[in-house]
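Residue numbers (my numbering): 203 to 407.
Written out below as structure tokens is the structure these notes cover.
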Amino acid sequence: MRGKTQEDIGLVEMLDPVAESVGYEIVRLRLMGGAEQRRLQIMAERPLQADGSGGDMNVEDCARLSRAISEVMDAADPISGEYTLEVSSPGVDRPLTRLKDFDTYAGLEVRIELDRVAEGRKRFKGELAGVEDGQVGLNLEGEDDTTVYFPFEWIVDAKLVLTDQLMKRGAEQRAARVGTEGADADEDLGDDAEDDIDLSESEED
């Protein structure tokens, strides 16, 4: 799910080590647009730590990752023609794209879409019940004591639902980061720290 097309997947494989080398993880990558002007959208985050810090990215983080990716992209030149590189934070109501995400955010509300019909439908909403033997558990909304499990490979889209519980968790993660890096770490974010951060720049051959 981190990449949608084979081209996306190839770019993820190329850029994963780049992101990791500067302390980040790629959450999702999408190369979109036509031949004349394309957009390379990369969502990334800082690895979550045991103390709850990490996860979010500020403007400086996005700029640092963008520079590292641009250097590799300029050298490798994997995209023909002009394109715009956009690096952003996943935001609070983030997509879940890796198996570990479904464990990390267990207990929170999520929407899931499958690539096939299961239980008579493709779209589900409920509380994440974690991961068991490579399958994602979901406590179905409105169906007491009903937990279903889907193979991770069946999931084509999953996103957290913006709730008070999720907002509280996001605030706690930001507080943990401030505690480890100093009170000025998120100064540039102000009151909009929960929103996506986007940093774009144009690239061309």
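Glycine is no exception: its CB is placed at the ideal position from the N, C-alpha and C atoms.
Here the structure is a predicted model, which means the values were calculated and not measured.
- Secondary structure of Glu247 (DSSP, three-state): strand.
- Arg313 is not a Cβ neighbour of Arg204, given a cutoff of 9 Å.
- The three-state secondary structure of Val229, taken from DSSP, is strand.
- Taken atom to atom, the span from the alpha-carbon of Arg323 to that of Phe352 is near 12 Å.
- Going by DSSP, Phe304 is part of no beta strand (DSSP E) but of the alpha helix (DSSP H) stretching over Leu301 to Thr306.
- Gly328 sits away from Glu315, with the two beta carbons spaced by 9 Å or more.
- Taking all protein chains shown into account, Gln375 has 16 or more neighbouring C-beta atoms within 10 Å of its C-beta and is therefore buried.
- Counting C-beta pairs with one atom in each stretch, the stretch 206-225 and the stretch 277-288 have three or more that are closer than 8 Å, which means they touch.
- Membership of Leu342 in the beta strand (DSSP E) is indicated by the continuous run Gln337 to Leu342.
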